[in-house]
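*Asks:* So the sequences go chain by chain: A and B. When you line the first sequence up against the numbering used here, it's residues 1 to 392, in that order. When you line the second sequence up against the numbering used here, it's residues 393 to 805, in that order. Think of the CB as a built atom: it goes at the ideal place given N, C-alpha and C, for glycine as much as any other residue. One structure, as structure tokens, below. Some questions next.
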Amino acid sequence: MQNSIRTPYDRVVMAVPVTIPYVRYSIESAQWWIGRALKALVDGAGITPRDIDGFCVSSFTAGLDSGVGLTQHFGLCVRWLDTIPLGGASAIAALRKAARAVQAGDARIVACVAGDTNHVDSFRYTLENFSRFNQDAVYPYGAGGANASFALIARNYMRTFGARREDFGKIAVAQRSNALRNPHALMKAPLTIEQYMAARPIADPIHLFDCVMPCAGAEAFLVMSEEVAASLKLPAVKILSTIERHNAFGDDPVQVRGGWAMDVDELYAMAGVKPDDLDFVQTYDDYPVISMMQFEDLGFCRKGEGPDFVRQHDLTIDGSFPHNTSGGQLSVGQAGAGGAYLGVVEAMRQVLGQAGPTQVKDARIGLASGFGMINYDRGLASGAAILAGPSS
Amino acid sequence: MIEPIIKPRRKNPLLRTRLPTSPPRARSRASHGFTRAAAEGRFMLQRCDACGTFCYPARDACPTCLSADLSFADAPRRGMLLSETTLHIPADVHFRERAPWRVGLVAMECGPTLVTHLHADCEEGRPVVMSFQLDKSGQAVAFAHPERETPNMADDRQWREMTADPKFRRVLVTNGRSIVGQEAVAALKAAGASIVFVGVAEPWKPFRGEDALRAIEGVQIVPLDIGDEKSVADLAADIGGKVDILVNTTEHVRAGGLLDRQGTSVVRDEIDQSYLGFVHLAQAFGPAMRMRGSDGVNSAAAWVNILSVYALANWPMFGAYSASQAACLSLSHCLRAELRPGGVKVVNVFTGPLDIEWFQTVPPPKVAPRAVASAIVSALKRGLEDVFVGDVAEDIRQRLAANPKAVERELGA
């Protein structure tokens, strides 16, 4: 194991995991959802909005508002502000930035929030206006949204490494069984592997249950010093390590790995733990193939062994490899940028022992990852964090 | 392998006509380098002038060396189809009603990776040959073809969306008296057009080539005097709903410029025939064509203008004529914009002096009318927008790109 030269996140903690329960469609605005999350943060922490002096926000549907406009909207007076448009990697990036701000004394309490609405037409609007490369070279092909892009990636992965649809199905089915224990999950019906296999094709080899359901919702957490958390009597989550990487492996003709593979050694070195030490893993699961790739890139098996790894493990809450314990985006829903936060917030609950029906027994330490932004032919942004509970 | 398309039956007048929808149109400014390439049937990619890297999608800085000197350059067309998918449920309306639709990822031998539409005979893991095409939105998209010719290749469903192939389409050629018109009729019939309507002013007056024209099966001579608004409107009332391709072969050429002429009658004639004739045609036939841009195998597909290349740069020896052609060129851009919502292409075929009586005194090289006709068919089959026929037209095109001022001085010498 290599040594990390990075400054540890000593005495910086996360607290108050917040989820505003999702709905498939909402007539409210993104600002409404972000506002609900902020309210839940201050209520959960027993503070007032004036105590928040750092604000970090991510949203696809907040229209013309960036973070600064939202400060006035919500009556926040902050001395540290960030707007993070990194899609599925937004939560890891927010956590990293907020933690360093607190550590340096630039802010005392940072509210990290992602919230999106889902009007009946807002998903299409997001697709049409996603990025320049997407607009120029992907959307005109009927391939708007990530389905086609991930279909091309998944098909190449299947051919190269021998993954079968059944293997992806096992990930989706396990997550659905986890979701049935999560009252907030939008998917309420059980899913069998037979149903998964028989689902209608969306973009071969992507079928219906490989896709997340866009929805409205918000997720949030606070970042503060250990002392502040203690003074507020808040159960606190330790940040053992983080990594972040963008536009890695640009020479791979088709994406077969994400940026995690570049930094995974550092992830474990900084945390001082091994993959085996983790009690659960929350991967960013916009499609099961991406979760499978992460099992490889985050060091649980070698490249190409993802399919076998899945075959050999039980991925449910009580299984040998508890994975996406809330049900993940595949079964809870994808609330825009909130999808980035879903795994991080669930990981906080797990290590705090607050996960309720989805609680992994004796979970102490776990990993949450992020992945985002199909700008052109691949996801560009990746990140991961290892979090630990107060007792570890 | 592609099944050949079947000749559409007579349309059931009780059924609703499917309205055209556009694929996504928005593009960055830099990306219109591909639009230019597609319009002329070239395959161009951005290449860095500093380090030679080819890149895609369109950028404003080289991803290898950050140089801002990226030029669109003709690029090798070969690549490998790395991965493909069939879209069953696309989010976009245009593609949803055309699903299933195949797209793929092609690694070019020259470097970049292209997301592309696929011809049905492209196979994963096999070489493909790329082109840029103008889709129904009028914007450029990448299209992958199989490496070698395959049976019924042009009948591929996705390819036909990119082209205006005359096969099984109904065509109006506006001037059957001209040799260019007659050659165009023959070429379009040979290309599989189901009917060619041929406009002839005062059809009771015999004309050279009439017998040969009438002898072609599927050719129908119709009265049309495009300088006469009522004549054009009458014909449109009659056949406007079944013109899929309109080929404007209007020809009104007179030598002469400004100072050696007295009065405006010749100039006015040129404008009446070429420019106002174009206006009459557009107003009479354009709206129905725009409506029928998505009307099945024989949807409205293209409007073809034959323009003098001197529309682009005045040739004082035919100075007033050049100006009438410039007016038509400008109008064609207006028509192109207005037909675009229907997915109907406007093809401009630029020619040098034709080998016809009105250019009798002009020295060679001159363009054979048959060459114009085959250029029209080729442009329709390939889905092009700007075509230059013959050596003079190509010469002017290149010289204009190099130095327009030099062209002005030299044409006026």
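Label N544 of chain B either buried or exposed according to how many other C-beta atoms from any shown protein chain fall within 10 Å of its C-beta, with 16 as the threshold for buried.
*Replies:* It is exposed - the Cβ of N544 of chain B has fewer than 16 other Cβ atoms within 10 Å.
*Asks:* Cβ of L330 of chain A within 7 Å of any heavy atom in the ligand MG?
*Replies:* Here there are no bound small molecules, and the ligand MG is not part of this structure.
*Asks:* Taking only runs that begin and end inside the segment 632-694 of chain B, name each unbroken beta strand (DSSP E) of 3 or more residues, in chain order.
*Replies:* Fully enclosed beta strand (DSSP E) runs of 3 or longer: 637-640.
*Asks:* With DSSP as the reference, label K233 of chain A as helix, strand or coil.
*Replies:* Of the three classes helix, strand and coil, the one that applies to K233 of chain A here is coil, per DSSP.
*Asks:* Does DSSP put Q354 of chain A in a helix, in a strand, or in coil?
*Replies:* Q354 of chain A falls in the coil class under three-state DSSP.
*Asks:* Kindly indicate the opening and closing residues of the alpha helix (DSSP H) around D308 of chain A.
*Replies:* Where D308 of chain A is concerned, the enclosing alpha helix (DSSP H) stretches over 306-312.
*Asks:* Report all residues from its chain with a CB closer than 8 Å to the CB of G610 of chain B; omit the five preceding and five following residues, and keep chain order.
*Replies:* So the qualifying residues of the chain are K581, A585, S586, I587, V588.
*Asks:* For chain B, check one thing: does any of its Cβ atoms lie closer than 8 Å to the Cβ of R155 of chain A?
*Replies:* R155 of chain A counts as touching chain B.
*Asks:* For G35 of chain A, collect the residues of the same chain with a Cβ closer than 7 Å to its Cβ; drop the 5 residues on either side in sequence, then sort them by chain order.
*Replies:* Taken in chain order, the residues that qualify are F74.
*Asks:* Apart from the five residues just before and just after K460 of chain B, which ones in its own chain have a Cβ nearer than 6 Å to its Cβ?
*Replies:* Contrary to the premise, residue 460 of chain B reads as Ala rather than Lys in this sequence. The residues are A453.
*Asks:* Count the other C-beta atoms from every protein chain shown that fall within 10 angstroms of the C-beta of E594 of chain B, then say buried if there are 16 or more, exposed otherwise.
*Replies:* When all chains shown are included, E594 of chain B counts as exposed.
*Asks:* Count the other CB atoms, across all protein chains shown, that sit within 10 Å of the CB of A767 of chain B; report buried if there are 16 or more and exposed otherwise.
*Replies:* Counting Cβ neighbours within 10 Å, A767 of chain B comes out buried, since at least 16 surround it.
*Asks:* Name the chain A residues that come within less than 7 Å of T445 of chain B, Cβ to Cβ?
*Replies:* In chain order: nothing, as chain A lies at least about 12 Å away.
*Asks:* I'd like to know whether the C-beta of T477 of chain B is nearer than 8 Å to at least one C-beta of chain A.
*Replies:* Interface residue, yes.
*Asks:* Thinking C-beta only, is G372 of chain A closer than 8 Å to Q282 of chain A?
*Replies:* No. Outside cutoff.
*Asks:* Is it buried or exposed, G804 of chain B, if we count other Cβ atoms within 10 angstroms and call 16 or more buried?
*Replies:* Burial call: exposed.
*Asks:* Between B:C440, B:G632, B:F426, B:S463, which lies nearest to C457 of chain B when the distance is taken from Cα to Cα?
*Replies:* The option with the nearest alpha carbon to C457 of chain B is B:C440.
*Asks:* Contact defined as beta carbons within less than 8 Å: I believe L746 of chain B pairs with P761 of chain B. What is the distance between those atoms, to the nearest angstrom?
*Replies:* At roughly 6 Å, the Cβ-Cβ gap stays under 8 Å, so L746 of chain B and P761 of chain B are in contact.
*Asks:* How far does the alpha helix (DSSP H) with T505 of chain B in it reach, from first residue to last?
*Replies:* Where T505 of chain B is concerned, there is no enclosing alpha helix (DSSP H), although the beta strand (DSSP E) it sits in stretches over 505-510.
*Asks:* Could you tell me if K797 of chain B is buried or exposed, where buried requires 16 or more neighbouring beta carbons within 10 angstroms of its beta carbon?
*Replies:* Under this definition K797 of chain B is an exposed residue.
*Asks:* Quick check on the DSSP output: the beta strand (DSSP E) that includes T384 of chain A runs from which residue to which?
*Replies:* At residue 384 of chain A the sequence reads Ala, which differs from the Thr that was named. Here the beta strand (DSSP E) through A384 of chain A covers 379-388.
*Asks:* From the DSSP output, which residues share a beta bridge with R245 of chain A?
*Replies:* In the DSSP output, where bridge partners are listed per residue, R245 of chain A has A:S382.
*Asks:* Using the rule of at least 16 other Cβ atoms within 10 Å of the residue's Cβ for burial, across every protein chain shown, is M197 of chain A buried or exposed?
*Replies:* It counts as exposed.
*Asks:* Note down, in chain order, all residues in the segment 133-144 of chain A with a beta-carbon under 7 Å from any beta-carbon belonging to chain B.
*Replies:* Of all residues in the segment 133-144 of chain A, F133, Q135, D136, A137, V138, Y139, P140, Y141, G142, A143, G144 have a Cβ within less than 7 Å of some Cβ in chain B.
*Asks:* Along chain B, which residues have their Cβ under 7 Å away from the Cβ of I27 of chain A?
*Replies:* Ordered by position in chain B, no residue passes the 7 Å Cβ test against I27 of chain A, which lies about 21 Å from the chain.
*Asks:* Per DSSP, L479 of chain B is paired with what?
*Replies:* L479 of chain B is bridged to A:A203, B:W493.
*Asks:* Start and end of the beta strand (DSSP E) containing F55 of chain A?
*Replies:* It spans 54-58 - the beta strand (DSSP E) in which F55 of chain A sits, taken as one unbroken run.
*Asks:* Along the chain, where does the beta strand (DSSP E) that runs through F535 of chain B open and close?
*Replies:* F535 of chain B -> beta strand (DSSP E) spans 532-538.
*Asks:* Between which two residues does the alpha helix (DSSP H) carrying Y713 of chain B extend?
*Replies:* Per DSSP, Y713 of chain B belongs to the alpha helix (DSSP H) from 711-731.
*Asks:* Give me the DSSP bridge partner(s) of C447 of chain B.
*Replies:* Bridge partners of C447 of chain B: B:Q438.
*Asks:* Within 10 angstroms of the Cβ of I25 of chain A, are there 16 or more other Cβ atoms? Answer buried if so, exposed if not.
*Replies:* Note on identity: in this sequence residue 25 of chain A is Tyr, with Ile being the wrong assignment. With fewer than 16 other Cβ atoms within 10 Å, it is exposed.
*Asks:* Provide the residue(s) that pair with N697 of chain B in DSSP beta bridges, ordered along the chain.
*Replies:* Partner(s): B:N640, B:N740.
*Asks:* Could you tell me the boundaries of the alpha helix (DSSP H) in which W596 of chain B lies?
*Replies:* No alpha helix (DSSP H) contains W596 of chain B, which DSSP labels as neither H nor E.
*Asks:* Can you tell me where the beta strand (DSSP E) holding M224 of chain A begins and where it ends?
*Replies:* M224 of chain A -> beta strand (DSSP E) spans 216-225.
*Asks:* From A101 of chain A to T61 of chain A, what does the alpha carbon distance come to, in whole angstroms?
*Replies:* Cα to Cα, A101 of chain A sits roughly 26 Å from T61 of chain A.
*Asks:* Would you say T192 of chain A and A384 of chain A are within 8 Å of each other, going by their C-beta atoms?
*Replies:* Cβ atoms of T192 of chain A and A384 of chain A: not closer than 8 Å.
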